[in-house]
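J.:
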Amino acid sequence: MKALINGIGWATAAGLGSGRIERRQPLIDGDLEIPTRKQLFDGVDRRFGRLDDFSRIGLAAATFCLRDAQAELWQEKRSLGIIAASRYGCLNTDLDYLETMLPDQGKLASPNLFAYTLPNCFLGEVTLRFGLTGNSVIINQDDPGKMTAVRFALQELCWSDQEGMLAGIVDLAPPPDLAKVDDIPGSLFLLLEKRARPGLVPYGKLEMHDGGLTFNDSAVLNLKSLVSDCLAIDH
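Be aware that the sequence shown starts at 1175, since it is given in this note's numbering, and climbs by one per residue.
Rendered as structure tokens:
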């Protein structure tokens, strides 16, 4: 199972960025700034204003990833899918929604927050904005190495006719009593594709053999090390 890494984008404590512009490691601990519409898109966008914070960081990372691969703009729908892994899902949004249910026996419950009480909601936002027709999945899993989505994406590309997969992670900072020492608030996506994009040099080749992963023939330890290796490539 193999694919080319054609794009990297993120919304983390390091800020908003993409691999061909930024060279510093984005998967760091720290305070996460929720992106605004002006940081992502030009013009008025009422739909963006309704998004919860979980959806905003996921959409932001996917946008910067596609932009990095020169794949943001489209006229015809593309056979690209998206797989995201999350430790906490949209827990913060769920808690915010429950807070609106408490007064007046739920009469003031927020319909806007309710619309985002499933962690896969932002996947639909990404597919609609960018014309993606592939499979979209979110995985709720405690994965210290943060490679689950990447592994699933490689399997999807091997077993289906999809041309590419956005694969990555998305998590807001959890409530303090649930936090773990290896939490990294934010979102990051890789664009894995079967072929190189015209005029664009890939970061390299990612392969999976017997459960082990290699990038450009070197072993991959975790997502953070993979991103570091990608950013070290001279474009």
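Idealized CB from N, CA, C, for every residue including glycine.
1) Starting from the C-beta of residue 1265, find all residues in its chain whose C-beta is less than 7 Å away, skip the five residues before and the five after it, and write them out in chain order.
2) With the cut-off set at 8 Å, would you say residue 1179 and residue 1372 are in Cβ contact?
3) So residue 1301 is in the alpha helix (DSSP H); what residue range does that whole segment cover?
4) DSSP three-state call for residue 1286: helix, strand or coil?
5) From this set, 1395, 1392, 1393, 1378, which residue's C-alpha is nearest residue 1405's C-alpha?
6) Skipping 5 residues on each side, what residues in its chain have a beta carbon closer than 8 Å to that of residue 1291?
7) Report the rounded CA-to-CA distance for residue 1194 versus residue 1175, giving the unit in angstroms.
8) If contacts are defined as beta-carbon pairs under 8 Å, then residue 1235 and residue 1362 qualify, I think. What distance do you get, rounded to the angstrom?
9) Excluding sequence positions up to five away, which residues of its chain have a Cβ less than 8 Å from the Cβ of residue 1435?
T.: With the given structure in hand:
1) Position 91 of the sequence shown, counted from the first residue, corresponds to residue 1265. Excluding residues within five positions, the ones whose Cβ falls inside 7 Å are 1348.
2) Numbered from its first residue, the sequence shown carries residue 1179 at position 5. Numbered from its first residue, the sequence shown carries residue 1372 at position 198. No, Cβ-Cβ distance for residue 1179 and residue 1372 is not below 8 Å.
3) Along the sequence shown, read from residue 1 onward, the residue named residue 1301 stands at position 127. Counting along the chain, the alpha helix (DSSP H) containing residue 1301 begins and ends at 1295-1304.
4) By 1-based counting over the sequence shown, the position of residue 1286 is 112. In the structure shown, residue 1286 sits in a helix (DSSP, three-state: H, G or I).
5) Residue numbering aside, residue 1405 sits at position 231 when the sequence shown is read from its first letter. Nearest Cα to residue 1405 within the set 1395, 1392, 1393, 1378: 1378.
6) On the sequence shown, position 117 is the one that residue 1291 refers to. Contacts found: 1264, 1267, 1268, 1271.
7) Position 20 of the sequence shown, counted from the start, is the residue given in the question as residue 1194. Position 1 of the sequence shown, counted from the start, is the residue given in the question as residue 1175. Using only the alpha carbons, I get a separation of about 25 Å.
8) Residue mapping note: residue 1235 aligns to position 61 of the sequence shown, counting from 1. Residue mapping note: residue 1362 aligns to position 188 of the sequence shown, counting from 1. Contact flag correct, Cβ pair sits at about 5 Å.
9) Examination of residue 1435 is not possible in this model, given that the chain is present from 1175 through 1409 alone.
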